Every structure is written in C-alpha cells, then in structure tokens.
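In the working numbering, the protein residues as written are 721 to 1021.
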C-alpha cells in the first residue's frame, strides 16, 4: 500500500463527504477508494470511518488520522512548492481567514492590487469572527487580533489595534458621560458577542492587565458594524476598534470616552503552520500587507 496516496484518498473522502463523491473527484473508482481506506484501517488496526456510499462519519481514531494526514499532505505540498516555486513567482491558491469587519474594510479592498502583483495566485478570503482551525479548514494564513497563546504556529506581528469606547452626543446628553470605568455598570453598554450575559471589559495599560469591569449589556450583537450603528443612534456606549469609527468621530457623530483608561493596543498577527514556512505565496501576502500598511497606517489610534 502507498500510505501517502491512501491518506490522500482518505482526506479527500472526508472532505467530499462520501466515498462516491471522492471517487468522482479522483481518477479512481468507488471500489478502489473503498479498498484504499480499508487498507488504511487494516494497517492501523482501527476503524476510521462509519461509512456508506452516500455519507460517512469519522471515528475518534479517524478524526486524529484525518488531522495528522492533512497536515502531512500539506507539508509535502509545501516542500514541493518551496523546492519548485522558490525560484518562480508565487502561484496556486492562497486561503486566508480574517475577522469579518477587518477583512471587509481593510483586506478586501487591497486584494485587487495584490492579485495584479501576483498574477499566478488566486485568493480565497474567509471572513469569520472566530479562531479557525488551520488544518481542518484548510487555511494557509490566519489574521488574528490579540495575544497569541503558546502554540506551534509561526506568528508575525503586522500592526496594533486600539480598542476605544464611544457614544453619541445625544446619549451622553441624556445619561451623562462616564468619568471612570467604574461608572459603566450604570450605563447602557453595547456588547460584541454571540450570546447575551455578563461581559468583562479590560481597562488600563498595566502589564498585569489593569482593571476589569463587569458590564451588564443592554444590547448584544455579533456584528461590530451593527453595534457602531446602534451607538451612533443613541443606544449606548460601545467598545470598538478605533479605525472602525474614525469617520464618525471626526464628524462628531460619536465621542470618544475614557481615553486615559483605554487598554494597551492589541497586536494583529499573521499565523501559519511551520510546515508552510517556505511558502512563497504566504510570504508574498504578508510582505504585501506590511508594505501597504506601513505607509497608510489604517489602524491609526
């Protein structure tokens, strides 16, 4: 058995959702696909899939093998690209994930120039407000805001993002302006989250994290755009990245609050797997962002 080929077939079957779909996407028959996966199960001495010709589900061992196999296959592909592509222009498909609002406002507008500069590349931009699993979701490069816990991922700091607090003049005329973070529990706060409940906002630039204030939110939304719009229309105090509301602040539609208590800027990192360290397309995209943002400073505080 060619274990690498069998693992590639196994990964394709899982990604396709069925053995028959995998067979249709490969130069192989359904019988051959089934035999390769059976050979893998026999080799490892465990069941990997609960399967029919129409659908399949991973066992616990199957899930582990799927993740490891996808990483191994990705590493082999990256080695091939590094050896063959390091002497050529970046090419192929680059799958990038980014926070929704940042991706829409700051990343997507740059992609036309990037694609023009790298004509042999295509980009798949995934906009999600969660931490993606780079292996399971086949993401080559993730942009992530905040401190990165210890991990085996390669990180490169690209910029810093300042979170600020603001409200409309109308709201402040009606409810008064908070003078310190301890005033916030008595105000209408607008919280970015998928689920309502108690929230905690951090203040101060102390290395140990400063103070933390529990917020009883009046409005919970999983969209920063919607929260900023609600704040602009007098719903309450919102905590957003400074770059998002730059125009509203300049035009007086929102007022910045508690500036002396703001938390330290959060780093924006690019993350990718160590196996992709030599990837020309990842290096090209990161270098492009660094160069563009160095001159324009879209995250200005």
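Positions of the beta carbon are idealized from the N, C-alpha and C atoms, including for glycine. Quantities reported herein were computed from a predicted structural model and do not represent experimental measurements.
Under the 10 Å beta carbon count, residue 877 is surrounded by fewer than 16 other beta carbons and is classified as exposed. Residue pairing of residue 921 in beta bridges, as defined by DSSP: 933.
Residue 909 is bridged by DSSP to 937 and 957. Ranked by Cα distance from residue 981, the options 1000, 1001 and 884 are led by 884. Residue 935 sits buried, since 16 or more C-beta atoms from the chains shown fall within 10 Å of its C-beta. Between the segment 721–730 and the segment 755–772 there are three or more inter-stretch CB-CB distances shorter than 8 Å, so the stretches are counted as touching.
In this structure, DSSP gives residue 733 a helical state, which the three-state scheme calls helix.
Cβ neighbours of residue 842 within its own chain (closer than 6 Å, five residues either side excluded): 813. Rounded to the nearest angstrom, the Cβ distance from residue 821 to residue 886 is 16 Å, too far for a contact under 8 Å. Beyond the five residues adjoining it in sequence on each side, residue 960 comes within less than 6 Å, by CB distance, of 944 and 948 in the same chain, given in chain order. Looking at the backbone, the Cα of residue 908 and that of residue 988 are separated by about 29 Å. Its chain contains 876 and 990 as the residues whose beta carbon lies nearer than 7 Å to that of residue 1006, once the 5 sequence neighbours on both sides are disregarded; these appear in chain order. In the three-state reduction of the DSSP assignment, residue 820 falls in the helix class, which pools H, G and I. Under the 10 Å beta carbon count, residue 823 is surrounded by 16 or more other beta carbons and is classified as buried. When the Cα atoms are used, residue 738 and residue 1000 turn out to be separated by approximately 33 Å. Taking C-beta atoms under 8 Å as the contact rule, residue 941 and residue 923 fail to qualify, at a distance of about 22 Å.
A residue is called buried once 16 or more other Cβ atoms fall within 10 Å of its Cβ, and residue 952 is buried on that count. Look at the segment 759–802 and you find these whole runs of beta strand (DSSP E), each 3 residues long or longer: 769–771 and 776–778.
Shown here for residue 796: same chain residues with a beta carbon closer than 8 Å to its own, the five before and five after excluded, namely 724 in chain order. Around the beta carbon of residue 994, a 10 Å sphere encloses fewer than 16 other beta carbons of the protein chains shown; the residue is thus reported as exposed.
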